[in-house]
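J.: Below is the structure I would like to discuss, written out as C-alpha cells.
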Amino acid sequence: KQEVTQIPAALSVPEGENLVLNCSFTDSAIYNLQWFRQDPGKGLTSLLLIQSSQREQTSGRLNASLDKSSGRSTLYIAASQPGDSATYLCAVSRNSGNTPLVFGKGTRLSVIA
Amino acid sequence: DTGVSQNPRHKITKRGQNVTFRCDPISEHNRLYWYRQTLGQGPEFLTYFQNEAQLEKSRLLSDRFSAERPKGSFSTLEIQRTEQGDSAMYLCASSWGTGGTNEKLFFGSGTQLSVL
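Protein chains in written order, with our numbering: chain Z, 1 to 113; chain P, 1 to 116.
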C-alpha cells in the first residue's frame with residue numbers, strides 16, 4: 001500500500017527566505033507526482049506535476065524535483081512571501097497512470113511579514 | 001469555464017439523517033472524483049467516474065455511501081444514516097484523461113459536513 005509522508009508538518013519562516021518542503025513515498029512505481037496548495041477551508045490548487053520520467057518542474061518561484069528511485073520529492077519556494085502561507089500537499093499516482101492520487105498530510109507554511 | 005462547483009458549501013445534519021451533495025465539474029472534463037478530508041489530514045479517495053461509469057470505489061466507501069453521475073455531467077454523493085464519523089470536508093475534482101495520461105486535477109471548494 002502506497003504511503004506518502006511530508007516533512008515538516010508545519011513551518012514558519014520570515015518573508016524573503018528560500019525554503020524546501022519534503023515528500024517521500026514508499027512505492028517507487030508511480031506514474032507522476034503532483035504538488036498542490038490548499039488555503040484554509042478551501043479546495044486544492046494544482047501547482048506542479050512531474051511525470052515519472054522527469055527530474056524537475058518549475059513554475060515561477062516554485063521548483064519541484066523528483067527522485068523516483070529513492071521515493072523522494074522536494075518543493076523549493078524561492079523568496080517566500082506572506083501570500084505563500086497555505087498548506088502544501090504532495091500526491092502520487094499509481095503506476096498505470098490512472099488516479100486516484102494518494103496524498104500526504106501536508107506541510108502547513110506560515111510566512112511572516 | 002467557471003471551475004468545479006460544489007453545493008452546498010456547508011451542511012449540518014443530525015445523526016441518522018440522509019444527506020446529498022452535488023458536484024458540477026468543468027464541462028469538457030470526462031473524469032470526476034470524490035475525496036474526503038478531515039482536519040490535519042490529506043484528502044482520501046472515495047470514488048471516481050469516467051463519463052457516467054463508476055470505475056473505482058475505495059474500501060472507505062461503505063454501503064451507506066452512493067455516488068452517481070447520470071449522463072456523465074454533474075455528480076451526486078449521498079450518505080445514508082449519517083454518523084458522527086462522517087463529519088469531514090467532501091471534495092470533488094475533475095480532469096480530462098484516459099488511461100496512462102498525466103492528468104491535472106481541478107478541485108472544487110468542497111462541502112463541509114457536520115453530523116451532530
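The C-beta atom is built at its ideal place from N, Cα and C for all residues, glycine as well.
1. Can you give me the Cβ contacts of residue 25 (chain P) inside the same chain, cut-off strictly under 6 angstroms, excluding the 5 residues immediately before and after it?
2. Identify, in the order they occur along the chain, each residue of the same chain with its Cβ nearer than 6 angstroms to the Cβ of residue 86 (chain P), setting aside the five sequence neighbours on each side.
3. Where residue 106 (chain Z) and residue 12 (chain P) are concerned, what is the direct C-alpha to C-alpha distance, given to the nearest angstrom?
4. Helix, strand or coil for residue 6 (chain P) per DSSP?
5. Just checking my contact of residue 98 (chain P) with residue 9 (chain P) at CB under 8 angstroms: how many whole Å lie between their CB atoms?
6. What's the gap between the Cα of residue 51 (chain P) and the Cα of residue 36 (chain P)?
7. Examine the ligand MN and report whether any of its heavy atoms sits within less than 8 angstroms of the Cβ of residue 28 (chain Z).
8. State yes or no: is the beta carbon of residue 43 (chain P) nearer than 9 angstroms to at least one beta carbon in chain Z?
9. Any Cβ of chain Z within less than 9 angstroms of the Cβ of residue 115 (chain P)?
10. Alpha carbon to alpha carbon, what distance is there between residue 38 (chain Z) and residue 88 (chain Z)?
11. Residues of the segment 39-55 of chain Z in Cβ contact with chain P at a cutoff of 8 angstroms, in chain order, please.
12. Shortest alpha-carbon distance to residue 6 (chain Z) belongs to which of Z:94, Z:12 and Z:22?
13. Residues of chain Z with CB under 8 angstroms from residue 108 (chain P), in chain order?
14. Are the C-beta atoms of residue 114 (chain Z) and some chain P residue less than 9 angstroms apart?
15. If you draw a straight line from the alpha carbon of residue 76 (chain Z) to that of residue 100 (chain Z), how long is it in whole angstroms?
16. Who are residue 28 (chain P)'s beta bridge partners in DSSP?
17. Between residue 61 (chain P) and chain Z, is any beta-carbon pair separated by less than 9 angstroms?
T.: Concretely, from the data shown:
1. 4, 32 and 94
2. 79 and 115
3. 26 angstroms
4. strand
5. The Cβ separation is near 32 angstroms, so there is no contact.
6. 21 angstroms
7. As presented, the structure is devoid of all ligands, the ligand MN included, so that no description of it is given.
8. yes
9. no
10. 6 angstroms
11. 41, 42, 43, 44, 45, 46, 49 and 51
12. Z:22
13. 43
14. No answer is possible for residue 114 (chain Z): it lies beyond the span of chain Z, which begins at 1 and ends at 113.
15. 25 angstroms
16. DSSP, once it has assigned bridges, lists no residue as partnering residue 28 (chain P).
17. no
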